[in-house]
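Protein chains in written order, with the working numbering: chain A, 977 to 1267; chain B, 490 to 905. We treat Cβ as the ideally placed atom computed from N, Cα and C, and that holds for glycine.
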Amino acid sequence: MKDLLKALPWIGPAVALIAAVVLFPVGLMFWNSTRDISQSGVDDGGVGLANFATVVGFQYFWPILGRTVVWVVVVVGCTLIGSLALAALLNKAFPGRRLVRMAVIVPWAASVVMTTLVVHYGLEPYFGIINSFLVDVGLISTPEGYGWTRHPGTAFAWAMVVAVFVSLPFTTYTILAGLQTVPGETVEAARIDGAGGLRTYFSVVLPQLRGAVSVAVLINIINVFNSLPILRVMTGSIPGYDADTIMTMIFKYMQNQRQIDLASALSVIAFLVVIAIVAVYVRVVRPLEEV
Amino acid sequence: MAQYRRLGGILAITLATTTGLTACGFGGTTSDEGTDGGSTTLDLLVPSYSDATQGQWNDVIAGFEEANPDIKVNLQVESWDNLESVIATKIQGGEAPDIYNGGPFAGFAEDELLYPVEDVTSDETYADFQPTFLENAQVDGTTYGLPFIASARALFVNDALLEEAGAEVPATWDELLESAKKVSELGGGVAGYGMPLGSEEAQAEAAVWLWGGGGSFGDSEAITIDTPENLAGAEYIKTMIDEGATQADAGATDRSPLFDIFVQGKIGMQVGLPPSVGQIESDNPDLEYSIHPIPTKDGEPFTLGVADHLMAFQNDGDKQEAITAFFDYFYTADVYVPWVQAEGFLPTTVSGSEALSGEEALAPFLEVLPDAQFYPTTNPDWAATDSAFKALFGQLDGDKSAKDVLAEIQDQVDAG
């Protein structure tokens, strides 16, 4: 207790900052989710859990939740596999490696909205470059191309492609950093014992990457779950709710319908889902433990 | 130690999940109040329509101050994004501007903040407004907004494509279907009728069809979407799509990108706005096109109008004369018409329309302006209606029946 008091002047500003920018907004979100808030923002009193009932009772809620799970699992999974391969490649010495390493950073450095818009325009019928290409090589028979971003399934799939693309750099570099901590002796020893390339990678290198991979996956799960801009751009013009995840649904409640109370309720649900996923993950994988 | 590390991790995670929700802003501005040396000061708060807006207003104010040396005008220009938060902050702080240019006015009128228009304009100025626009600016029979600038819609027709297909410019839905099908049959990616039901402005295309069939979205009292009158238009949209008279994927096509295709000459007919004329002029001046009234079920002319308004705040109630002087000066055709013209919109006054009647490009719009119908923006549920159309109307392009789509929109409005 005495120690705590002594420490207070040093940790005080940090605690205050966390309270102001983390705890207060979370508290406000929880509070709003139990209120009836008019479109112009006037608080018309408490309604208990009615907002949650409305949100969960919405006929598209469960499909949206399921799609969110698919979104997170597929994007994080593909990102991880791609990053492991890329990191292994970039860890080898070859001419021009420095340039390739720089190139891998580009999707990270570019604005996500810009990257998505570039792909979105490429997919437009009539003038999109991807559509023109597919028409020219004869894969699409209609001369104006196919409306990739106009059908829920294809728009969602393309959004996943973009999400993987922009998630790759960070994951690759995290794993690359992990690869460089793998001692050369362990690989050498495996070779001497007669292990082939694949066997060495899966039995010797990969286990030593556990720390890097598990941290990368954890951060990716949070990022991808909370990702709005890619889906917003890719699926924004589609009517109905057949391409929505929880995040785009929160956005629709807030921006289109101006129902701050429902948006807050769904945010609380999203928040709890993320916390639950992370809690399970931290328990099972223990990414923050030393190897 | 492991415990602390986990705590740190959880804090980091909490941070990551909540930063997205902390982006809210509080903004405030102050303005000089009152009178100096016996002269009156009017505060004018306006949005920026284009880069030229501020200069336009400065010219108006310079002319007005010369004619009325005892009145000073303070101009404040804000972006459309900020405008509504700025006016709300000013009202809360008791510093409402004397004259404000914006869209919705019913909320201010209900809070009794505004002068009725008849109290701050001379009889001549008031009588000069187009009657349809005045009706649209009324709450419970009293006019609170001065119709400021207008926008209307008309059918843009690619004459070259229609001629090639041997099709006529349509006036009714049946003629439209026939002409559009002929143009679509040209092939090569050409579409007969450009139908944007995507979220960008689905409510506009909905109005074009549902109202053109004799329906409406309701009035200031009740929003009525799921009605037999509206069903006629919704079903005809389905017919157009099913018979291949429109571009592919009408349900998820946004208006602006689709109009780009029209400008490129790949679409036979599409509904456009006055600024569309300028777009064609700058992007593809060679396009052979003409502008016609929107086809309706029985050929009766109509257009979807949108109007922004000027409004006068009462504040202390001591500037009524100065405000009247300003409005009377501004709405003279010599001052008003150049303003409207520079911004590419349509005038809301009879004298303004007459002054612009020589403009060939605007003529088709001016012609239909007296028949303009408006969104029920004075209804508190309008925002919910607008978003329900954006989110759901495009489902007409799909397996859902027209009746189900209208019912779903009505449900969402009623729930909102």
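For this session: Look at the alpha carbon of E843/B and the alpha carbon of Q619/B, and state the distance between them as a whole number of angstroms.
Result: The count along the second sequence starts at 1 and reaches residue 843/B at position 354. The count along the second sequence starts at 1 and reaches residue 619/B at position 130. Their backbone Cα atoms lie some 12 Å apart in a straight line.
Exercise. Beta-carbon of E689/B versus every beta-carbon of chain A: anything under 8 Å?
Worked result: The residue you call residue 689/B lines up with position 200 of the second sequence. Taking Cβ atoms only, chain A reaches closer than 8 Å to E689/B, which makes this a yes.
Exercise. Would I987/A be called buried (16 or more neighbouring beta carbons within 10 Å of its own) or exposed?
Worked result: Along the first sequence, read from residue 1 onward, the residue named residue 987/A stands at position 11. When all chains shown are included, I987/A counts as exposed.
Exercise. Which word fits E652/B, buried or exposed, when buried means at least 16 other C-beta atoms lie within 10 angstroms of its C-beta?
Worked result: Taking the first residue of the second sequence as 1, we reach residue 652/B at position 163. So E652/B ends up on the exposed side.
Problem set entry | Simplified DSSP assignment, three categories, for D797/B | Taking the first residue of the second sequence as 1, we reach residue 797/B at position 308. Three-state result, D797/B: strand.
For this session: Taking only the alpha-carbon atoms, compute the straight-line gap between M1269/A and R642/B and give it to the nearest angstrom.
Result: Any question about residue 1269/A goes unanswered here, given that chain A covers just 977 to 1267.
Exercise. For M1078/A, which of helix, strand or coil comes out of DSSP?
Worked result: On the first sequence, residue 1078/A is found 102 positions in, with the first residue counted as 1. Helix at M1078/A.
For this session: Quick one: which residues of the segment 590-604 of chain B get their C-beta closer than 8 Å to a C-beta of chain A? List them in chain order.
Result: Here the close residues are G596.
Problem set entry | Neighbouring residues, chain A, relative to S568/B (Cβ below 7 Å) | Position 79 of the second sequence holds residue 568/B. Listed along the chain, the chain A residues whose CB falls inside 7 Å of the CB of S568/B amount to none; the nearest CB is some 18 Å away.
For this session: Could you check what DSSP says for G740/B in three-state terms: helix, strand or coil?
Result: Here residue 740/B is taken as the residue at index 251 of the second sequence, counted from 1. Correct three-state label for G740/B: helix.
Problem set entry | Selected residue, minimal CA-CA separation from A880/B, among R1043/A, S1243/A, I1214/A | Taking the first residue of the second sequence as 1, we reach residue 880/B at position 391. Check the Cα spacing between A880/B and each of R1043/A, S1243/A, I1214/A: the tightest is with I1214/A.
Exercise. Is it buried or exposed for D1169/A, if we count other Cβ within 10 angstroms and need 16 for buried?
Worked result: In the first sequence, residue 1169/A corresponds to position 193, counting from 1. Its Cβ having fewer than 16 others within 10 Å, D1169/A is exposed.
Exercise. Along chain A, in chain order, which residues have C-beta atoms closer than 9 Å to that of A879/B?
Worked result: To locate residue 879/B, count along the second sequence from 1; it is residue 390. The identity of residue 879/B in the sequence shown is Lys, whereas the question assumes Ala. Residues of chain A whose Cβ lies closer than 9 Å to the Cβ of K879/B are, in chain order, P1215, N1232.
Exercise. Along chain C, which residues have their Cβ under 8 Å away from the Cβ of D743/B?
Worked result: The structure shown contains no chain C; its protein chains are A and B.
Exercise. What residues in its chain sit with their C-beta under 8 Å from that of T1211/A, if we drop five residues either side in the sequence?
Worked result: In the first sequence, residue 1211/A corresponds to position 235, counting from 1. Excluding sequence neighbours, T1211/A sits near T1125, P1128, A1131, F1132, A1135, A1219, D1220, T1224.
For this session: Answer yes or no: do P487/B and T631/B have a C-beta to C-beta separation smaller than 8 Å?
Result: Residue 487/B cannot be examined here, being either before or after the span of chain B that is shown, 490 to 905.
Exercise. Which word fits W1007/A, buried or exposed, when buried means at least 16 other C-beta atoms lie within 10 angstroms of its C-beta?
Worked result: Locating residue 1007/A in the first sequence gives position 31, counting from the first residue. Its Cβ having fewer than 16 others within 10 Å, W1007/A is exposed.
Problem set entry | Close beta carbons around F751/B, own chain, < 8 Å, minus the five adjacent residues each side | Here the question's residue 751/B lines up with position 262 in the second sequence. Closer than 8 Å at Cβ, skipping near neighbours: F645, N647, G683, Q759, G761.
For this session: Below 7 Å between beta carbons is the criterion; list the residues of the segment 882-905 of chain B that meet it against any residue of chain A, in chain order.
Result: F882, G883, Q884, G905
Exercise. In chain order, what residues of the segment 748-778 of chain B put their CB closer than 9 Å to some CB of chain A?
Worked result: D749, I750, Q753, K755
Exercise. Which bits of chain B does K1228/A rub up against, with CB to CB less than 7 Å?
Worked result: Your numbering for residue 1228/A matches position 252 in the first sequence. Within chain B, the residues near K1228/A are A880.
Exercise. Is I1057/A helix, strand or coil when you go by DSSP?
Worked result: Within the first sequence, numbered from 1, the residue matching residue 1057/A stands at position 81. Reduced to three states, the DSSP call for I1057/A is helix.
Problem set entry | Interface flag, G517/B vs chain A, CB-CB below 8 Å | Here residue 517/B refers to the residue found at position 28 of the second sequence. Residue confidence for G517/B is low, a pLDDT of 38 falling below 50, so the modelled location carries little weight; the figure read from the coordinates is stated next. By this cut-off, G517/B is not an interface position.
For this session: Could you list which residues in chain B have their beta carbon closer than 8 Å to that of T1118/A, in chain order?
Result: Taking the first residue of the first sequence as position 1, residue 1118/A is located at position 142. Those within 8 Å of T1118/A in chain B are G678, A737.
Exercise. Does the pairing of the segment 804-819 of chain B with the segment 606-618 of chain B give three or more beta-carbon distances under 8 Å?
Worked result: With the cut-off at 8 Å, the segment 804-819 of chain B and the segment 606-618 of chain B touch.
For this session: Consult DSSP for I1013/A and reduce its assignment to one of helix, strand or coil.
Result: Along the first sequence, one-based indexing puts residue 1013/A at 37. In the structure shown, I1013/A sits in a strand (DSSP, three-state: E or B).
Exercise. Looking at the C-beta of L510/B, does it have a partner C-beta in chain A at a distance below 8 Å?
Worked result: As a first step, residue 510/B is located in the second sequence; it is residue number 21 there, counting from the start. Reliability of the predicted coordinates at L510/B is poor, the pLDDT of 40 falling under 50, and no value is obtained from them.
Problem set entry | Within chain A, the residues that S876/B reaches when beta carbons sit closer than 9 Å | Taking the first residue of the second sequence as 1, we reach residue 876/B at position 387. Result: K1228, Q1231, N1232, Q1233, R1234.
Problem set entry | Beta-carbon contacts of G1072/A that lie in its chain and below 6 Å, excluding the five residues immediately before and after | Numbered from its first residue, the first sequence carries residue 1072/A at position 96. So the list is empty, once near-sequence residues are dropped.
For this session: Take K561/B as the anchor and find which of T542/B, I588/B, V575/B has the nearest alpha-carbon.
Result: Translated into positions along the second sequence, residue 561/B becomes position 72. Taking only the C-alpha atoms, the option nearest K561/B is I588/B.
Exercise. Does L644/B have its Cβ less than 8 Å from a Cβ in chain A?
Worked result: Translated into positions along the second sequence, residue 644/B becomes position 155. So, not an interface residue.
For this session: At 4 residues or longer, and completely inside the segment 576-615 of chain B: list those alpha helix (DSSP H) runs for me, N to C.
Result: 595-599
Exercise. What does L686/B touch in chain A if you count any residue whose Cβ is under 9 Å from its own?
Worked result: For the purposes of this step, residue 686/B is identified with residue 197 of the second sequence, where counting begins at 1. Near L686/B (Cβ distances below 9 Å), the residues of chain A are P1215.
For this session: Starting from the C-beta of T1150/A, find all residues in its chain whose C-beta is less than 7 Å away, skip the five residues before and the five after it, and write them out in chain order.
Result: Mapped onto the first sequence, residue 1150/A falls at position 174. So the qualifying residues of the chain are A1188, V1191, A1192.
For this session: Please name the residue, chosen from F748/B, D663/B, G703/B, that lies closest to E680/B on a Cα-to-Cα basis.
Result: The residue given as residue 680/B occupies position 191 in the second sequence. Sequence inspection shows Ala at residue 680/B; the Glu mentioned does not correspond to that position. Among F748/B, D663/B, G703/B, the Cα nearest to that of A680/B belongs to F748/B.
For this session: Give the single residue among G1160/A, N1199/A, V1076/A whose Cα lies nearest to the Cα of Q1184/A.
Result: To locate residue 1184/A, count along the first sequence from 1; it is residue 208. Ranking G1160/A, N1199/A, V1076/A by Cα distance to Q1184/A puts G1160/A first.
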